[in-house]
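Peer 1: Protein chains in written order, with this note's numbering: chain V, 41 to 350; chain G, 41 to 350.
(1) Under the rule that 16 or more other beta-carbon atoms within 10 Å means buried, what is residue 183(G), buried or exposed?
(2) I believe residue 185(G) touches residue 156(G) by the beta-carbon criterion, under 8 angstroms. Please report the beta-carbon distance rounded to the nearest angstrom.
(3) Could you tell me the alpha carbon to alpha carbon distance between residue 72(G) and residue 128(G), rounded to whole angstroms?
(4) Using the beta-carbon of each residue, which ones in chain G are nearer than 8 angstroms to residue 178(V)?
(5) Quick check on residue 138(V) - is its C-beta less than 9 angstroms from some C-beta in chain G?
(6) Is the Cβ of residue 190(V) closer than 9 angstroms to any Cβ of chain G?
(7) Indicate whether residue 192(V) and residue 111(V) have their beta-carbon atoms separated by less than 9 angstroms.
(8) Do residue 167(G) and residue 310(G) come within 9 angstroms of each other at the CB atom, strictly closer than that value?
(9) Just confirm the distance between the C-beta atoms of residue 181(V) and residue 131(V), as a whole number of angstroms; I'd bet it's less than 8 angstroms.
(10) Does residue 130(V) have its Cβ less than 9 angstroms from a Cβ in chain G?
(11) Which chain V residues sit within Cβ distance under 9 angstroms of residue 310(G)?
(12) Candidates 67(V), 347(V), 107(V), 108(V): which alpha carbon is nearest residue 230(V)'s?
(13) Take every Cβ of the stretch 108-124 of chain G, pair it with every Cβ of the stretch 46-66 of chain G, and state whether three or more of those distances are shorter than 8 angstroms.
(14) Give the list of continuous beta strand (DSSP E) stretches no shorter than 3 residues that lie fully inside the stretch 212-280 of chain G.
(15) From the beta carbon of residue 134(V), is the nearest beta carbon of chain G less than 9 angstroms away?
(16) How far does the alpha helix (DSSP H) with residue 63(G) in it extend, from its first residue to its last?
(17) Which parts of the stretch 172-206 of chain V are runs of the alpha helix (DSSP H), unbroken and 4 residues or longer, counting only runs that do not cross its ends?
(18) What number of angstroms, rounded off, separates the C-alpha of residue 87(G) from the C-alpha of residue 69(V)?
(19) Along chain V, which residues have their Cβ under 9 angstroms away from the Cβ of residue 142(G)?
(20) Closer than 7 angstroms by beta-carbon distance: list the chain G residues that pair up with residue 187(V), in chain order.
(21) Would you list the one or two residues that DSSP bridges to residue 47(V)?
(22) Which residues does DSSP list as the beta-bridge partners of residue 72(V)?
(23) Does residue 279(V) pass the burial test, meaning 16 or more other C-beta atoms within 10 Å, or should it be called exposed?
(24) Would DSSP call residue 295(G) helix, strand or coil?
(25) If you draw a straight line from the alpha carbon of residue 307(V) to that of residue 187(V), how long is it in whole angstroms?
(26) Could you tell me the boundaries of the alpha helix (DSSP H) in which residue 127(G) lies?
(27) Is it buried or exposed for residue 218(V), if we count other Cβ within 10 angstroms and need 16 for buried?
(28) Taking just the CA atoms, how far does residue 140(G) sit from residue 97(G)?
(29) Compute the beta-carbon to beta-carbon distance between residue 43(G) and residue 125(G), rounded to the nearest angstrom, for a pair I have assumed lies under 8 angstroms.
(30) In the stretch 157-177 of chain G, which residues sit with their C-beta less than 7 angstroms from some C-beta in chain V, listed in chain order?
(31) I need the DSSP call for residue 152(V), collapsed to helix, strand or coil.
(32) Would a C-beta distance cut-off of 9 angstroms place residue 288(V) and residue 341(V) closer than the cut-off?
(33) Taking all protein chains shown into account, decide if residue 190(V) is buried (16 or more other Cβ within 10 angstroms of its Cβ) or exposed.
(34) Determine the DSSP secondary structure at residue 208(G), reduced to helix, strand or coil.
(35) Can you check DSSP and say which residues form a bridge with residue 168(V)?
Right under this line is the structure:
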């Protein structure tokens, strides 16, 4: 029986990963500060430590465990919020990652999987991006993600295998429908269901590469299981397909039984026009592929959201 | 009369810049935590606030001034130390820079000049590096410098002109001869004078691009005066010439009137093999050029150091 630390298991992605690892017979410990996550999201059987990863007292509680791997998902995840509180963003993302890497080094943890983000790319002349595209972050959040990637690359020299997964736009069942700062699909869907009106911050021709939560969990699972592979590697977790804001909204309108009005206002600071991700590397090296089309994923999510009380 | 904030004016580079600005008839305010700098280095006439730039109480003391520009030099500057205390390194470099940028934004400061470092390049296949070479930092210190550069790029969108100067190996009169963690020329020279023995951590064929302190001050001065130029720009402050460790030592041996023995031991973590910097951009855009050859600069420095009591 293996033991894993999954940070942020009270959040959308962390909870899904923890659940999968537990269901496959592993022990899972999590740290979560419950700032945007909710305690009821933490899967049954998961050992929960409440607090910030960047708090040394919280990390000290981990000393009693021997981890086979760390999957670091926690962190504030809104580009918009990173502008209103850049120091908090730095602490909860970059500083927390450093402290967790330092813990891994001290404890001899063999493998560290890090949730990075497509946001590191910013906007690019060639909007179909590969792992070797030179990053150009547009938000403070994205700067912190990129800095964390560099810290991981350096820590991999200390004997920790470090795998970076650049998640594109993750969506699906379990996404926080109350958080209107993070998640394009969930934000629009929440507004559509609550208000029958979608307020879009930014242009309709922005686009995203949407990857379904189950596919993201599979990518993490394959990374964790991968015992070969390089001591440091970076993968896009993407579908290689783009959906414009307009297409997302049309999809929501088509799947809801009432009319939804749409209003476009000025965009938020640091928002990307869009990139979509070449996924040939993760397909080849980890034998991953996305199982959900955007249509399939959104249909599932919209059904779930309509029955949800939020 | 203009007023400038020069952070770190108790240190080698900051003191020289503050002195020059004062001598040209400007007011200068400085913040320094005196962790490696010394209060007696702070030039006469400079208003001194003691503390850390990342401390909000310290920054609050700046509210009474109207700055024409900020020249941000302060920060722990040893790659080696960044490994023993990465969180302190992050705070004193990256977090401090964010807070100072935030101050500049709130106060409407028009120009922010940032002391970055050749360390952002790491080691490169082509070791003659230009500003568009893709950075690959090898130390935590360098990761923080690169992250700070990205923060500046984003802040430049808020109406602050941001100029990044990537200092190569700065050396010369005034360098801290007691600090054996920072500054290749000063470390070897200090050992040679004190012990008649140089302990070299790392190989003799590593090399550096040494730029004399007066030339660095001139680069900063030209940046500060440059009222045109782009809202965001990055410049190598380099000579375009490389000196190996062996050449540096030979130069010291040649200029001291006694025999110096040399011992090579294992290198320090994250130390670069070497890069040297293409300086055609700063020559063209800021009309800067280095006035000191390495021989000229070292002769001056060695004479000065021999008379120094350290």
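Note that the Cβ used here is the ideal one computed from N, Cα and C, for glycine as well.
Peer 2: In short, the structure shows the following:
(1) buried
(2) 5 angstroms
(3) 15 angstroms
(4) 194
(5) yes
(6) yes
(7) no
(8) no
(9) No, residue 181(V) and residue 131(V) are not in contact; Cβ-Cβ is about 12 angstroms, not under 8 angstroms.
(10) yes
(11) 194, 197
(12) 347(V)
(13) yes
(14) 237-241, 250-252, 272-277
(15) yes
(16) 52-63
(17) 180-195
(18) 51 angstroms
(19) 126, 127
(20) 183, 187
(21) 112(V)
(22) 90(V)
(23) buried
(24) helix
(25) 25 angstroms
(26) 126-130
(27) exposed
(28) 12 angstroms
(29) No, residue 43(G) and residue 125(G) are not in contact; Cβ-Cβ is about 34 angstroms, not under 8 angstroms.
(30) 174, 177
(31) strand
(32) no
(33) buried
(34) coil
(35) 316(V)
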